[in-house]
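Data first, discussion second: the structure below is written as structure tokens.
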Amino acid sequence: MIIATSELHSAHGITKGEVAVNVDATAAHRGKQATRSAVNTPRAWSVPPESFDEREWQEIVRVAAANVHEADRRFRSTRRGDDLGAIIAAFHICGPLVDLPPASLVRYARAVSKGLPFELLPRDGGQQKTSGAGR
């Protein structure tokens with residue numbers, strides 16, 4: 035699966051709008067979680083590669099979004115009430131596989147600590163809003 039980035043990753047030589055990650059689409063299609071890479075999962079999904087039909091691509095996007103949602107649920111389940119610094123540190127180690135700019139990461143940490151919802155995935159592509167801890 036090819037995913038395009040909407041963020042600048044100068045440390046990795048990746049510019050806004052460039053394809054940043056090439057993930058094994060068959061693993062994503064089978065519902066397996068991707069592993070964290072040097073360039074975290076970008077904020078925007080690309081159009082389907084030539085080798086996928088639209089229905090197959092939508093299934094891949096659905097499974098990827100479900101994996102992020104589940105990772106967020108698990109991450110939140112033990113961190114409600116935690117210090118923001120601890121949440122941010124843990125996010126980089128075992129948080130959901132998304133790339134958040136620093137200001138968004140602080141807002142996410144506040145939401146996690148307070149058990150509030152946070153829009154973790156972009157709205158385009160039919161992504162869903164995450165819920166509070168303990169669901």
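Throughout the sequence shown, residue numbering follows the numbering used here, covering 35 to 169 in sequence.
Every residue gets a Cβ at the ideal spot worked out from N, C-alpha and C, and that includes glycine.
- In this structure, V146 sits near R113, with a CB-CB distance shorter than 8 Å.
- CA-to-CA, the gap between H126 and D106 works out to about 13 Å.
- Less than 8 Å divides the Cβ of L155 from the Cβ of V102.
- A straight line joining the alpha-carbon of A143 with that of E104 spans about 17 Å.
- For the pair D117 and Q92, the Cα-to-Cα distance works out to about 37 Å.
- Exclusion of the five residues before and after C128 leaves F109 as the residues of its chain whose Cβ lies within less than 8 Å of its Cβ.
- Judged by DSSP in its simplified three-state form, F109 adopts helix.
- Look at G119 here: in three-state DSSP terms it is helix.
- Annotated three-state conformation of F125 is helix, per DSSP.
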